[in-house]
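Participant:
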Amino acid sequence: PTVAYTNIPVSYTSTAAIGAIGTITNTGVYQSPTASQTWTTLCNPASSSCTANTTFTTTGTYYITCNAWASYNNGTTQKCTGNQFGIPVGWSYCGDPSRKTVTVSTDTTAPTVNSLTRNPASPSNASAIAITANVTDSQSGLNTVVISVNSDTNGNTTGTWQDLPTCSAGGTQAAYNCTQTWNTNVTEGKHAIRVVVADRSGNSNSATPFINHFLADRTCPTFSGLTITPTSPAYTSQVQITSSVTDVGTG
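Numbered by our numbering, the letters in the sequence shown go through residues -5 to 245 in order.
1) If T34 sits next to V4, beta carbons under 8 Å apart, how far is it from one beta carbon to the other, in whole angstroms?
2) Where are the beta strand (DSSP E) runs, 3 residues long or more, that stay fully inside the region 174 to 236, in chain order?
3) If distances are taken between C-alpha atoms only, which option among V190, T213 and K184 comes closest to T202?
4) Sort N137, T175 and S30 by Cα distance to P159 and report the nearest one.
5) Within the continuous beta strand (DSSP E) that includes T7, where are the two ends?
6) Taking contact to mean at least 3 C-beta pairs separated by less than 8 Å, is the region 49 to 56 in contact with the region 116 to 129?
7) What do you get for S195, buried or exposed, if any count of 16 or more other CB atoms within 10 angstroms of its CB means buried?
8) Compare the beta carbon distance of V(-3) and Y56 with 8 Å and say whether it is the shorter of the two.
9) Return the chain-ordered ranges of every beta strand (DSSP E) run that is complete within the region 26 to 79 and spans a minimum of 3 residues.
10) Using the three-state DSSP reduction, which class does A124 fall into: helix, strand or coil?
11) What does the alpha-carbon distance come out to for the pair G69 and L36?
12) With DSSP collapsed to three states, give me the class of V153.
13) Which of the three DSSP states is assigned to I246 in this structure?
14) Could you check where the beta strand (DSSP E) with L110 kicks off and where it finishes?
15) Using a Cβ-Cβ cutoff of less than 8 Å, which residues in the same chain neighbour S198 once the five nearest sequence positions on both sides are dropped?
16) Using the C-alpha atoms, what's the distance from T230 back to T178?
17) Give the DSSP-derived three-state secondary structure of S92 in the structure shown.
18) Note down the Cα distance separating Q31 from T21, rounded to an integer number of angstroms.
19) If you draw a straight line from the alpha carbon of N171 to that of N108, how long is it in whole angstroms?
20) Return the residue from the list L220, Y(-1) and A124 that minimises the CA-CA distance to V96.
21) Could you spell out the range, first to last residue, of the beta strand (DSSP E) harbouring A(-2)?
22) Might you give, ordered along the chain, the residues of its own chain that have their beta carbon closer than 8 Å to the beta carbon of A169, omitting 5 neighbours on each side?
23) Going by DSSP in three states, I12 sits in which element: helix, strand or coil?
The following block contains the structure:
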């Protein structure tokens, strides 16, 4: 990446090619702050490809650059330049594509919960509900998403939270869907659903989590009586039939 964040591992890969005139014997990847030009070797294997893993601990601007060594068919050896350390500002070993300038910042912004959907939708008498949270983080990338359901049956958050399995987002900066199934064989009523999401820098919305609700209703309405007025109607006369039905769940 050309934009990175402190204490978040990143990787850079250099691949060199020379064609039929010789063989690539080594490649190297190096890192330095742009201001001090203090170079650190990240990798230097005896192969044509080198993958370097690094973690920036301080903010600023850095160079990531590479070098390559070749053994030619005529018996000579050569590399893209001389001493890779102490190079001039902005200089690149093997042409401009061999250098990247990386800006490193500190991520202090919590991820965002964009939406929460339930399938089937609330209210429902289903025995299991698929809950999907759509989340994003545009900086260091998403780490984990935890969906929880509260035991309180009046929509409050004062009951016990049941955490569903954690979704691992893998550091993505794109919109991410975390879907988990809640087994609703619990006390009927209106349950709070919470979404807590964390990024790779440790920022989280746990202090102000996203809250939604689901109404679980698996109780049939109650039929409490039927009256006919008059009770003995004459032939062709009008009759009034009254029934009483109540429902304490969804109505």
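Where a beta carbon is used, it is the ideal one built from N, C-alpha and C, also for glycine.
Facilitator: Looking at the atomic coordinates:
1) At roughly 14 Å, the Cβ-Cβ gap does not stay under 8 Å, so T34 and V4 are not in contact.
2) 183 to 193, 204 to 210 and 216 to 223
3) V190
4) T175
5) V4 to T9
6) no
7) buried
8) no
9) 34 to 37, 43 to 48, 54 to 66 and 71 to 73
10) strand
11) 29 Å
12) Per the sequence shown, residue 153 should be read as Gly rather than Val. Of the three classes helix, strand and coil, the one that applies to G153 here is coil, per DSSP.
13) No information on residue 246 is available, as it lies outside the stretch -5 to 245 that the chain covers here.
14) T106 to N113
15) A104, P105, V190, V191 and A192
16) 51 Å
17) helix
18) 20 Å
19) 10 Å
20) Y(-1)
21) V(-3) to Y(-1)
22) N108, N128, V129 and T130
23) coil
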